[in-house]
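Encoded as structure tokens, the structure appears first; notes follow it.
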Amino acid sequence: MSVGRLFNGERVLVCAMRGWSDAGDAASDAVTEVRKTLGLDQVVGGIDDERFYDYSATRPWVSITNGKRRIEWPHSVIYGPRPEDDHGIYVLIGDEPSLHWQSYVDLLLDLCVTEGITAIVQVGSLLADTPHTRDIQVNSYCDDDELRLQYSFEVSKYQGPLGVLSVFAEAAALEGIRSVALWASVPHYAQAPDLPAAKATLALTEELSELLLFNFDRESMREAADAWELRVTQAVERDEDLGQYVQFLEQTRDMVDSEAASGDAIAAEFEAFLSTDADDRNDDPTREDDDPGEDDANDRN
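For the sequence shown, the working numbering gives the first residue as 1021, with consecutive numbering after it.
Following this line, the structure appears as structure tokens:
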């Protein structure tokens, strides 16, 4: 097995961080699948320094094995290939640090230099207005002009809060380490602690398998994805308002994917949805139209 067409002959670090950039656990589960599939069981480095974590924000986890309690503290681990493996794929899986990001990134860069890593693949998942009944969208971004011209990567135009992996990628670029970012969109209404977004995990793993040329157990992951979709569908069917909203998302997604898609058409569809929703509220006989001014007066009193 060899590293794929994108990073031919290079040592590649595939990264995911549990936390803010891991909606539905999709990113960390996808990178964990890469580790399991490739048999990456060699720990080549790790970070568990408590100065990087606020334990009230990222709490330790306790488990019981064979009657014994074990506390697992927030940490990051880099797994690498065995000496007999003929690929250069590494994975980084960890809990996003709460504090001292620049020092944390410096330690990651030191590990990259030690292992001779020359490329990074960031893997993330975010909550989005997307329907669970359609294919999960995965967007690929790259700031390297050569890679972007050669392959179908986009330039990220995002402005706003960042995760630590984005800081890591920018610092790595200054050291000559190239990076690519994969982001999956997870339906925001399907977010629940006990409901990992298996469909998004499958979508990310498929993208990674194409980038790095490895095979994985698609059948079992598809079964998990189908079970996730069924469970979300059952929850949606129990909520009429949510069902209408999901139907709107489906119509909008189909329109965006169609050849006739346009900004005006999408805006018109959204206005129609809002209008219908408002009419439903006005026609609701159980709805009471209180006087806002009276409420304010009561509140002041």
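Ideal placement from N, C-alpha and C gives every residue a C-beta, glycine not left out. Since the model is a prediction, treat every value here as computed from it, not as a measurement.
Of all the beta strand (DSSP E) runs that stay within the bounds of the stretch 1175-1211, which reach a length of 3 or more residues? Complete beta strand (DSSP E) runs here, min 3: 1198-1207.
Under the three-state reduction of DSSP, which class applies to tyrosine 1124: helix, strand or coil? Here DSSP, grouped into helix, strand and coil, assigns tyrosine 1124 to helix.
Distance CB(serine 1248)-CB(alanine 1217) smaller than 9 Å: Looking at the sequence shown, residue 1248 is not serine but tryptophan. Yes, Cβ-Cβ distance for tryptophan 1248 and alanine 1217 is below 9 Å.
Beta-carbon within less than 6 Å of threonine 1150's beta-carbon, same chain only, minus the 5 sequence neighbours each way: which residues are those? If the five residues before and after threonine 1150 are omitted, its C-beta is found closer than 6 Å to the C-beta atoms of Ser1205, Pro1207, all from its own chain and listed in chain order.
Valine 1097 beta carbon less than 9 Å from that of cysteine 1035: Valine 1097 sits away from cysteine 1035, with the two beta carbons spaced by 9 Å or more.
Coarse secondary structure for threonine 1078, derived from DSSP in three states: Three-state result, threonine 1078: coil.
Name the two residues that bound the continuous alpha helix (DSSP H) containing glutamine 978. Any question about residue 978 goes unanswered here, given that the chain covers just 1021 to 1321.
Do leucine 1131 and valine 1064 have their C-beta atoms closer together than 9 Å? Yes.
Per-residue DSSP class, three states only, for glutamate 1092: It is a strand residue.
Sequence-distant residues of the same chain with beta carbon closer than 8 Å to threonine 1153, five excluded per side: When the five nearest sequence neighbours on each side are left out, the beta carbons in the same chain lying within less than 8 Å of the beta carbon of threonine 1153 are those of Glu1249, Thr1253, Val1266, Glu1270, in order along the chain.
Is alanine 1281 helix, strand or coil by DSSP? Its pLDDT being 49, under 50, alanine 1281 is placed unreliably by the model, and the measurement read from it follows with that caveat. Coil.
Classify arginine 1031 as helix, strand or coil using the three-state DSSP reduction. Residue state, collapsed to three classes: coil.
Within its chain, find whatever has a CB closer than 6 Å to the CB of alanine 1047; leave out the 5 residues flanking it on each side and keep chain order. Once the five neighbours on either side are set aside, the close Cβ partners of alanine 1047 are Ala1036, Val1143, Gly1144, Ser1145.
Looking at the secondary structure, which residues open and close the alpha helix (DSSP H) in which leucine 1232 lies? First-last of the alpha helix (DSSP H) with leucine 1232: 1218-1232.
Exposure label - arginine 1258; buried when at least 16 CB within 10 Å: So arginine 1258 ends up on the exposed side.
For valine 1276, count neighbouring Cβ atoms within 10 angstroms of its own Cβ and tell me buried if that reaches 16, exposed if not. With fewer than 16 other beta carbons inside 10 angstroms of its own, valine 1276 counts as exposed.
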